[in-house]
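K.L.:
Residue numbers (our numbering): 1477 to 1663. By construction, the Cβ of each residue, glycine as well, lies at the ideal position given by its N, Cα and C atoms. Take this structure first; my questions come after.
Right under this line is the structure:
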């Protein structure tokens, strides 16, 4: 018995392949793969694609299973957007007195001279995200929204302050814009 079905139309130029609970999305900007297999809802959620439509069905009346079907559908929709348009997060470097220096080295972002600290603060760049550091802004791009947003969170968190008044100590690196790589805002 199908209790709820969440479906959406697959955009042109995107191919969605479903094998069990593993989904592969291919498009002009690349390929993304994700496995939704979880013992908590195995057998209670079914996913598939036919023609130009993707669907996630919940076979249980439990609210958690209906919510999970919607969550999976949302993840696949984000993957389709990523392989067609891509994502771009812009972060602003804010300082009041001591100029912050940001550089990209390998798979890490290094933040130097944060509140005149002599040490280097580091943030990990997630796989699939590309980071460009300038004097006043950092631009993170990629096809996977989770990699892009987690990289931005890692950078922001590396400059977090504790036991200081945030109204006075505003230094840090903050997300200023979340957009598609084409320049459009997110829905």
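Taking the C-alpha atoms as reference points, what is the distance between residue 1651 and residue 1658?
P.N.:
Distance between the alpha carbons of residue 1651 and residue 1658: 18 Å.
K.L.:
Can you check which of these residues, 1645, 1550, 1619, is closest to residue 1574 by C-alpha distance?
P.N.:
The candidate whose alpha carbon is nearest that of residue 1574 is 1645.
K.L.:
Would residue 1619 be called buried (16 or more neighbouring beta carbons within 10 Å of its own) or exposed?
P.N.:
That one is buried.
K.L.:
Which partner residues does residue 1662 have in the DSSP bridge list?
P.N.:
Residue 1662 is not bridged to any residue.
K.L.:
Who does residue 1623 pair with in a DSSP beta bridge?
P.N.:
Residue 1623 pairs with nothing; no bridge assigned.
K.L.:
Check whether the Cβ atoms of residue 1581 and residue 1617 lie closer than 8 Å to each other.
P.N.:
No; because the gap between Cβ atoms is not below 8 Å, this pair is not in contact.
K.L.:
Suppose contacts are defined by Cβ-Cβ distances below 8 Å. Is residue 1561 in contact with residue 1612 by that definition?
P.N.:
Their beta carbons are not under 8 Å apart, which means residue 1561 does not touch residue 1612 by this criterion.
K.L.:
In terms of alpha-carbon separation, which member of 1505, 1521, 1599, 1493 lies closest to residue 1477?
P.N.:
Answer by Cα proximity: 1521.
K.L.:
Quick one: is residue 1482 buried, meaning 16 or more other Cβ sit within 10 Å of its Cβ, or exposed?
P.N.:
With 16 or more other Cβ atoms within 10 Å, it is buried.
K.L.:
Scan the segment 1519-1593 and note each continuous beta strand (DSSP E) run of 3 residues or more that stays entirely inside, going in chain order.
P.N.:
1521-1526, 1529-1534, 1563-1570, 1577-1581, 1584-1588, all fully within the segment 1519-1593.
K.L.:
Got a sec: is the Cβ-Cβ distance from residue 1551 to anything in chain C below 8 Å?
P.N.:
Among the chains of the structure shown, chain C does not appear; only one protein chain is present.
K.L.:
Do you know how far the Cα of residue 1629 is from the Cα of residue 1602?
P.N.:
Straight-line Cα distance between these residues: approximately 10 Å.
K.L.:
Return helix, strand or coil for residue 1601, following the three-state DSSP convention.
P.N.:
Three-state result, residue 1601: coil.
K.L.:
Which whole-angstrom value describes the C-beta separation of residue 1545 and residue 1528, a residue pair presumed to lie in contact below a C-beta threshold of 8 Å?
P.N.:
Between residue 1528 and residue 1545 the Cβ distance is about 19 Å, and since that is not below 8 Å, they are no contact.
K.L.:
DSSP beta-bridge partners for residue 1637?
P.N.:
The partner list for residue 1637 (beta bridge, DSSP) is empty, contrary to what the question assumes.
K.L.:
If you count every other CB in all the chains shown that lies within 10 Å of the CB of residue 1557, and 16 or more means buried, which is it?
P.N.:
Classification of residue 1557: buried, given that the 10 Å Cβ count is 16 or more.
K.L.:
List the DSSP bridge partners of residue 1484.
P.N.:
Beta-bridge pairing links residue 1484 to 1530.
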